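Below is one structure, written out as structure tokens; the observations come after it.
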Amino acid sequence: MDLSNQETAQKVIKQCLDGDREAQQAFYKHFYSLALGICMRYASDVNEAKDMMHDGFIKVFVNMSGFKFKGSLEGWVKRILVNNALDTIRNNKRFIATEIEEVFGQEEPNDPFGISDEEIIQADARLIVELIQQLPRMARVVVNLIVFEGYSHQQVADELGISVSSSKSTYSRARQKIRTLFYENRMNNE
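This is the structure:
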């Protein structure tokens with residue numbers, strides 16, 4: 430099924446809104462991999478990611494009548510899933526901004542490994558996701574919002590209720606932690 434085709438997407442959305450279970454299942458299957466991938470970037474583990482994803486799909490189906498075909502359907506679904514993941518994290522009492530200081534410490538990071546951003550970018554995408562998942566939740570969320578969602582530090586600060594300087598510091602420390610993990614992974618595989 431090609432939901433990037435507006436005609437097909439309109440037909441499937443109408444069927445979903447009419448309660449057609451087969452259309453809803455086809456829609457779900459079509460976006461399953463994309464949705465799970467998004468949620469894995471924000472979750473601590475697969476089970477949490479699946480919970481986020483299922484809650485996100487419920488919001489997609491509940492709000493489906495609001496999709497007006499003014500942008501891509503995939504973009505609309507992604508936005509709902511990201512917002513749902515952020516809502517889940519904000520509502521999680523374990524989400525504490527100070528965890529960054531506890532894990533990374535107070536020092537500004539330096540790069541003893543000489544690993545460039547380009548080396549990391551050219552690495553296998555699966556490895557990068559695994560490295561990001563090893564970050565503390567706050568760092569993982571900041572990295573995802575900046576790298577994958579294209580947020581500015583101001584937008585991250587507004588979304589998470591932190592200062593712009595906290596967003597910048599968290600991002601800087603997270604990048605350094607990813608470099609360290611990347612280096613360790615490379616050393617273990619040589």
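Be aware that the sequence shown starts at 430, since it is given in this note's numbering, and climbs by one per residue. Note that CB positions come from ideal geometry on N, CA and C, so glycine has one too. Predicted model only: the values in this text are computed from it and were never measured.
Query - residue 478 vs residue 463 beta-carbon contact at 8 Å - result: The residue you call residue 478 lines up with position 49 of the sequence shown. The residue you call residue 463 lines up with position 34 of the sequence shown. No, these two residues do not count as a Cβ contact at 8 Å.
Query raised in the report: Contact between the stretch 603-610 and the stretch 561-568: three or more CB pairs below 8 Å?
Result: yes
Report task. Report back the beta-carbon spacing between residue 509 and residue 471 to the nearest angstrom; my notes put them in contact at under 8 Å. Result -> Walking along the sequence shown from the start, residue 509 turns up at place 80. Walking along the sequence shown from the start, residue 471 turns up at place 42. Contact flag wrong, Cβ pair sits at about 13 Å.
**Report entry** Contact set for residue 453: own chain, Cβ-Cβ below 6 Å, skip 5 residues either direction
**Finding:** Here residue 453 corresponds to residue number 24 of the sequence shown, with the count starting at 1. 445, listed in sequence order.
Query raised in the report: Is the beta carbon of residue 481 sitting closer than 8 Å to the one on residue 513?
Result: Taking the sequence shown and counting its residues from 1, one reaches residue 481 at position 52. Taking the sequence shown and counting its residues from 1, one reaches residue 513 at position 84. Yes; because the gap between Cβ atoms is below 8 Å, this pair is in contact.
Requested in this report: Taking only the alpha-carbon atoms, compute the straight-line gap between residue 559 and residue 473 and give it to the nearest angstrom.
Outcome: Here residue 559 refers to the residue found at position 130 of the sequence shown. Here residue 473 refers to the residue found at position 44 of the sequence shown. Roughly 11 Å between the two C-alpha positions.
Requested in this report: Would you mind sorting residue 483 into buried or exposed? The rule is 16 or more other CB atoms within 10 Å of its CB.
Outcome: On the sequence shown, residue 483 is found 54 positions in, with the first residue counted as 1. So residue 483 counts as exposed.
Query raised in the report: Ends of the alpha helix (DSSP H) at residue 571?
Result: Here residue 571 is taken as the residue at index 142 of the sequence shown, counted from 1. Taken as a continuous stretch (DSSP letters only), the alpha helix (DSSP H) holding residue 571 covers 566-572.
Query raised in the report: So what's residue 486 in DSSP terms, helix, strand or just coil?
Result: Looking up residue 486 in the sequence shown gives position 57. In the structure shown, residue 486 sits in a helix (DSSP, three-state: H, G or I).
Query - Delimiting residues of the alpha helix (DSSP H) encompassing residue 383 - result: The shown model of the chain, from 430 to 619, leaves out residue 383, and the question about it has no answer.
Report task. Within 10 angstroms of the Cβ of residue 579, are there 16 or more other Cβ atoms? Answer buried if so, exposed if not. Result -> By 1-based counting over the sequence shown, the position of residue 579 is 150. When all chains shown are included, residue 579 counts as exposed.
Report task. On a CA-only basis, which of 447, 601, 502 and 476 is nearest residue 437? Give me that one, please. Result -> Position 8 of the sequence shown, counted from the start, is the residue given in the question as residue 437. Of the listed residues, the one whose Cα sits closest to residue 437 is 502.
Report task. Compute the Euclidean distance between the alpha carbons of residue 599 and residue 610, then round it to the nearest angstrom. Result -> Taking the first residue of the sequence shown as 1, we reach residue 599 at position 170. Taking the first residue of the sequence shown as 1, we reach residue 610 at position 181. Using only the alpha carbons, I get a separation of about 16 Å.
Requested in this report: Would you tell me roughly how many angstroms separate the C-alpha atoms of residue 587 and residue 435, rounded to the nearest one?
Outcome: For the purposes of this step, residue 587 is identified with residue 158 of the sequence shown, where counting begins at 1. For the purposes of this step, residue 435 is identified with residue 6 of the sequence shown, where counting begins at 1. Rounded to the nearest angstrom, the two C-alpha atoms are 34 Å apart.
Report task. Evaluate residue 497 with the Cβ neighbour count: other Cβ atoms within 10 Å of its Cβ, from every protein chain shown; 16 or more gives buried, anything less gives exposed. Result -> Looking up residue 497 in the sequence shown gives position 68. When all chains shown are included, residue 497 counts as exposed.
**Report entry** Integer Cβ distance of residue 399 from residue 596, believed to fall under 8 Å
**Finding:** This structure cannot speak to residue 399, because the chain is shown only from 430 to 619.
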